[in-house]
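Take a look at the structure below.
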Ligand code: 0X9
Ligand code: ZN
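So this is what it looks like as structure tokens:
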């Protein structure tokens, strides 16, 4: 690709990352992590515990990293080169509306919206476009409602692109919708699910941020509030303001002025609450290859932890069976505590079995060849959740087949069916809490958040998108405090 073409297809004002390296550093102590955090522009790691940490390092600071003597590997030498290659490829790619395979490459907001219309039009008997509301800048947050289950059918929600730069999550969400549509009438399993459930897919929860990531800053994460942005996955009302959420508007994990201060999170809350029938939610993110289940804000186990873990394990197994990829299933806080995320709200307040899936990749910019694999493995995971919801379909009293519907229940994995939930995971108590669970959402500072976390560690108040704050022994925290004092890291 010529330089001229690259420059021609790059918006003049777009932020550039020339010479920024994506480096995997091995850290063995909090002291080492603090040193790396101080040198890096942003920490991208998504793995729990000491070990590999992926960071973005500005060109002028690589020498400092080398001087630390920490083992490291430069995985991407020039992030901007990847961004330029992606931009050039997208500019040169055939328009999917005129013949390009739609899932062959990443698609911008307009193309996603157009495709939602086309998908609904292609299957009007089972699908319609829904408009949940508007973003801060007035862009529509739209999705697809798929299914013939009718009023009262268990509903399953799949969402993507809460974080703008995570483009693989956008495409994966679209694949999930496509799988339900294209499988209807051709695949008995999918047909049974579509017949009996309501499936809602919202591929772009953060339209304004997504547009920024396409036009002005490829690594934009938040919405666009006042130019700095709010991390929407810290803006939900369950345990808002707790661990792993920052009060500094310039941090990548800024939680906003209050729970649901942002239209994007409020729109999702209102949609789910008004609907009242959602039993499960999967929110797609990138990248780490993990299936996360609540709680994410505390190390405490969720009341339904056995069932959540079993379902997450089921997704993990389906992924492995699909492509061989390893997506371990862990409690969200064991990646790092992060309060105010959608999964804790969806589970704790809306009564859904809620999960975050961190997709594959070594960067937010990945080759389009990753789309097919991410789709295959995550459609498999999505079906596990839908199967579980299918197990919640009430059986007819006079049904003598014992199957509960014309397709029977053979698709619902009996090991996941109900899974020992607190009698009513599918319903939300009148006070908005999950049944059998007391006082889970008062919006007030929590006394059960991980108090072993020193202020400023992990995502709390630092510049990182995905710093680690795993369950660590006391010596780790002590050492971290000492090093923070010495190096003055945030
Ligand atoms: O930090 C996040 O919001 C998610 N990771 S990402 O790298 N995509 O930013 C993980 C959220 C997991 N959920 C909770 N910890 N509640
Ligand atoms: Zn994310």
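Numbering (the numbering used here), first residue to last: 1069 to 1558.
Yeah, the Cβ is synthetic: ideal placement off N, Cα and C, and Gly gets one too.
Exercise for the section: With a 10 Å radius around its C-beta and 16 neighbouring C-beta atoms as the bar for buried, classify residue 1192 as buried or exposed. Expected result: Against the chain shown, residue 1192 aligns to sequence position 124. Looking at its Cβ environment, which holds fewer than 16 other Cβ atoms inside 10 Å, residue 1192 is exposed.
Exercise for the section: Could you tell me if residue 1178 is buried or exposed, where buried requires 16 or more neighbouring beta carbons within 10 angstroms of its beta carbon? Expected result: In the chain shown, counting from the first residue as 1, residue 1178 sits at position 110. Classification of residue 1178: exposed, given that the 10 Å Cβ count is below 16.
Handout entry: Inside the segment 1194–1240 only - beta strand (DSSP E) runs reaching at least 3 residues
Key = 1195–1202, 1208–1214, 1223–1228
Practice task
Report all residues from its chain with a CB closer than 7 Å to the CB of residue 1084; omit the five preceding and five following residues, and keep chain order.
Solution key: Numbered from 1 along the chain shown, position 16 holds the residue referred to as residue 1084. Correct list, in chain order: 1148.
Practice task
Check whether the Cβ of residue 1323 sits closer than 7 Å to any heavy atom of the ligand ZN, and report yes or no.
Solution key: Mapped onto the chain shown, residue 1323 falls at position 255. Flag unset: Cβ of residue 1323 not near the ligand ZN.
Handout entry: Where residue 1119 falls: helix, strand or coil (DSSP)
Key = In the chain shown, counting from the first residue as 1, residue 1119 sits at position 51. DSSP places residue 1119 in strand when its eight states are reduced to three.
Exercise for the section: Report the rounded CA-to-CA distance for residue 1417 versus residue 1400, giving the unit in angstroms. Expected result: Residue mapping note: residue 1417 aligns to position 349 of the chain shown, counting from 1. Residue mapping note: residue 1400 aligns to position 332 of the chain shown, counting from 1. A direct Cα-to-Cα measurement between residue 1417 and residue 1400 gives close to 17 Å.
Problem - Residues sharing a beta bridge with residue 1124, DSSP - result: By 1-based counting over the chain shown, the position of residue 1124 is 56. Residue 1124 pairs with 1090, 1110.
Problem - residue 1172 beta carbon less than 8 Å from that of residue 1436 - result: On the chain shown, position 368 is the one that residue 1436 refers to. On the chain shown, position 104 is the one that residue 1172 refers to. In this structure, the beta-carbon distance from residue 1436 to residue 1172 falls below 8 Å.
Exercise for the section: Look at the alpha carbon of residue 1390 and the alpha carbon of residue 1221, and state the distance between them as a whole number of angstroms. Expected result: Locating residue 1390 in the chain shown gives position 322, where the first residue counts as 1. Locating residue 1221 in the chain shown gives position 153, where the first residue counts as 1. Computed Cα separation, rounded: 28 Å.
Handout entry: Reduced DSSP secondary structure (H/G/I, E/B, other) of residue 1323
Key = Taking the first residue of the chain shown as 1, we reach residue 1323 at position 255. Here residue 1323 carries a coil assignment [DSSP, helix/strand/coil].
Practice task
Could you say which of 1209, 1266, 1385, 1398 lies nearest to residue 1368 if we only look at CA atoms?
Solution key: In the chain shown, counting from the first residue as 1, residue 1368 sits at position 300. For residue 1368, the nearest C-alpha among the options comes from 1398.
Exercise for the section: Would you decide whether residue 1215 is buried or exposed? Buried here means 16 or more other CB atoms lie within 10 Å of its CB. Expected result: Within the chain shown, numbered from 1, the residue matching residue 1215 stands at position 147. Using a 10 angstroms sphere on the CB of residue 1215, the tally of other CB atoms reaches 16 or more, which defines it as buried.
Practice task
Tell me whether residue 1329 sits in a helix, a strand or coil according to DSSP, three-state version.
Solution key: Taking the first residue of the chain shown as 1, we reach residue 1329 at position 261. Three-state result, residue 1329: coil.
Exercise for the section: Please classify residue 1353: does DSSP put it in a helix, a strand, or coil? Expected result: Residue 1353 sits at position 285 when you count from the first residue of the chain shown. Here residue 1353 sits in strand by DSSP.
Practice task
Pull up the distance between the alpha-carbon of residue 1218 and that of residue 1093, whole angstroms please.
Solution key: As a working note, residue 1218 is residue 150 in the chain shown. As a working note, residue 1093 is residue 25 in the chain shown. If I take the Cα positions, the gap works out to 52 Å.
Exercise for the section: Indicate, with yes or no, if the ligand 0X9 has a heavy atom lying under 7 Å from the CB of residue 1370. Expected result: If you number the chain shown from 1, residue 1370 lands on position 302. Answer for residue 1370: no, Cβ out of range of the ligand 0X9.
Handout entry: Pairwise C-alpha distance: residue 1361 and residue 1300
Key = By 1-based counting over the chain shown, the position of residue 1300 is 232. By 1-based counting over the chain shown, the position of residue 1361 is 293. Distance between the alpha carbons of residue 1300 and residue 1361: 18 Å.
Practice task
Look at the Cβ atom of residue 1258, then the Cβ atom of residue 1245, and state whether they are nearer than 8 Å.
Solution key: For the purposes of this step, residue 1258 is taken as residue 190 along the chain shown, with counting starting at 1. For the purposes of this step, residue 1245 is taken as residue 177 along the chain shown, with counting starting at 1. Going by beta carbons, residue 1258 and residue 1245 fall outside the 8 Å limit.
Exercise for the section: Determine the burial state of residue 1128: buried for a count of at least 16 other Cβ atoms within 10 Å of its Cβ, exposed for fewer. Expected result: On the chain shown, residue 1128 is found 60 positions in, with the first residue counted as 1. Exposed, because fewer than 16 other Cβ atoms sit within 10 Å of the Cβ of residue 1128.
Practice task
Specify whether the segment 1259–1266 and the segment 1282–1296 touch according to this definition: at least 3 beta carbon pairs, one from each stretch, less than 8 Å apart.
Solution key: no
Handout entry: Buried versus exposed call for residue 1309 [16 or more other C-beta atoms within 10 Å across all chains shown]
Key = Mapped onto the chain shown, residue 1309 falls at position 241. Its Cβ being crowded by 16 or more others within 10 Å, residue 1309 is buried.
Exercise for the section: Classify residue 1460 as buried or exposed, calling it buried when 16 or more other Cβ atoms lie within 10 Å of its own Cβ. Expected result: Here residue 1460 refers to the residue found at position 392 of the chain shown. Classification for residue 1460: buried.
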